[in-house]
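Enquirer: Per this note's numbering, residue 1 is the first one in the sequence shown, and the count goes up by one each step.
We treat Cβ as the ideally placed atom computed from N, Cα and C, and that holds for glycine.
As the structure is a prediction and not an experimental result, all values here were calculated from the model.
Could you have a look at this structure, given as structure tokens, before my questions?
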Amino acid sequence: MKWEGNRQSDNVEDRRNSAGGGGMLGGRSIGIGTIVVALVGGWILGINPLTILGALTGGAPTAQVQQSPAQRPPADDRMASFVSTVLADTEDVWKTEFTKGGATYQEPRLVLFRGATQTACGQGQAAMGPFYCPSDQKVYIDLGFYETLKTRLGAPGDFAQAYVIAHEVGHHVQNLMGITEKMEQMRGRVSTVDYNGLSVKLELQADCFAGVWAHNAQSARQILEQGDVEEAMNAAAKIGDDALQRSGGGAVVPDSFTHGSSAQRQRWFNNGLNNGSVKACDTFSAKNL
1 MKWEGNRQSD
11 NVEDRRNSAG
21 GGGMLGGRSI
31 GIGTIVVALV
41 GGWILGINPL
51 TILGALTGGA
61 PTAQVQQSPA
71 QRPPADDRMA
81 SFVSTVLADT
91 EDVWKTEFTK
101 GGATYQEPRL
111 VLFRGATQTA
121 CGQGQAAMGP
131 FYCPSDQKVY
141 IDLGFYETLK
151 TRLGAPGDFA
161 QAYVIAHEVG
171 HHVQNLMGIT
181 EKMEQMRGRV
191 STVDYNGLSV
201 KLELQADCFA
211 GVWAHNAQSA
221 RQILEQGDVE
231 EAMNAAAKIG
241 DDALQRSGGG
251 AVVPDSFTHG
261 SSAQRQRWFN
271 NGLNNGSVKA
281 CDTFSAKNL
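Structure below.
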């Protein structure tokens, strides 16, 4: 992926060395190796990281999170620079897309942390993997996840890493569009199986939005290099519900899926990549996912 020298976002907050971030939870250090275990366990049990965050807040109004003053990542931190550049690129794409629809894009913040950090959705942990909190409109990521993505999940490459960020920004887009709120209104009104089905559609739409970003970024700035699309497609496959359940040594249980199968995740990312249109990402009306 061609990214060096491109604009970096100012909306990146570095909590890795701040009191507000912290790498300890309950007195125990959370190792990056636990990310895969937690992800696999979550998918086997049908638990979405967003659901975990909701449970942490108990559905009650969220309290203001006290943090030390926001810090910018060091200029010589290559991985932080990469993340900042990808975020900037999503800002450019979604600002344009929202403007086309007569709306204004509200840029999210991206928080770098280690181990654990406080969010407006409750305590965020690296073991959740990258996640988006709608209550504070922030994307959270422990950069150690990328090493896990590469070595444990078998999804190397910078564009695979960019896909992960674009997917979480896709959840922010859903929040701005009111889709996330509609999902929350369904919680408790439908069965667990039905809610899991809605969660799959939400996640696949975020995958499609990541494809929309890639399509428009390529058209505007020619960011793609040979093999980049394959990297993203491989990452989508490796984090499919069925793939994660198999890697955890369990049976594949479609009713417990909350993110979609490998084939579905690839299909919807590719749909956004090929069409470059938000209208092509209506997973909730699709007859076949």
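#1: Buried or exposed: where does residue 27 fall if 16 or more other Cβ atoms within 10 Å of its Cβ makes it buried?
#2: Could you check what DSSP says for residue 140 in three-state terms: helix, strand or coil?
#3: What's the gap between the Cα of residue 231 and the Cα of residue 265?
#4: Any idea what DSSP makes of residue 86, helix, strand or coil?
#5: Around the C-beta of residue 196, are 16 or more other C-beta atoms found within 10 angstroms, so that it is buried, or is it exposed?
#6: Under the DSSP definition of a beta bridge, which residues are partnered with residue 185?
#7: In angstroms with no decimal places, state the Cα-to-Cα distance between residue 58 and residue 227.
#8: For residue 296 and residue 180, I'd like the C-alpha separation in whole angstroms.
#9: Sort out for me which residues DSSP pairs residue 132 with in a bridge.
#10: Taking the alpha-carbon positions, what's the residue 97 to residue 178 distance?
#11: On a Cα-Cα basis, can you pick out the residue from 234, 133, 7 and 11 that is closest to residue 261?
#12: Thinking just about the alpha-carbon of each residue, which of 91, 13 and 79 is nearest to the one in residue 220?
Expert: Here's the rundown:
#1: Confidence in residue 27 is poor, its pLDDT being 34 and thus under 50, which makes the residue's placement too unreliable to answer from.
#2: strand
#3: 13 Å
#4: helix
#5: buried
#6: Answer by DSSP bridge pairing: none, since residue 185 is not bridged.
#7: Here residue 58 scores only 40 on pLDDT, less than 50, and its place in the model is too uncertain to base an answer on.
#8: With the chain covering only 1 through 289, there is no way to say anything about residue 296.
#9: 139
#10: 16 Å
#11: 234
#12: 91
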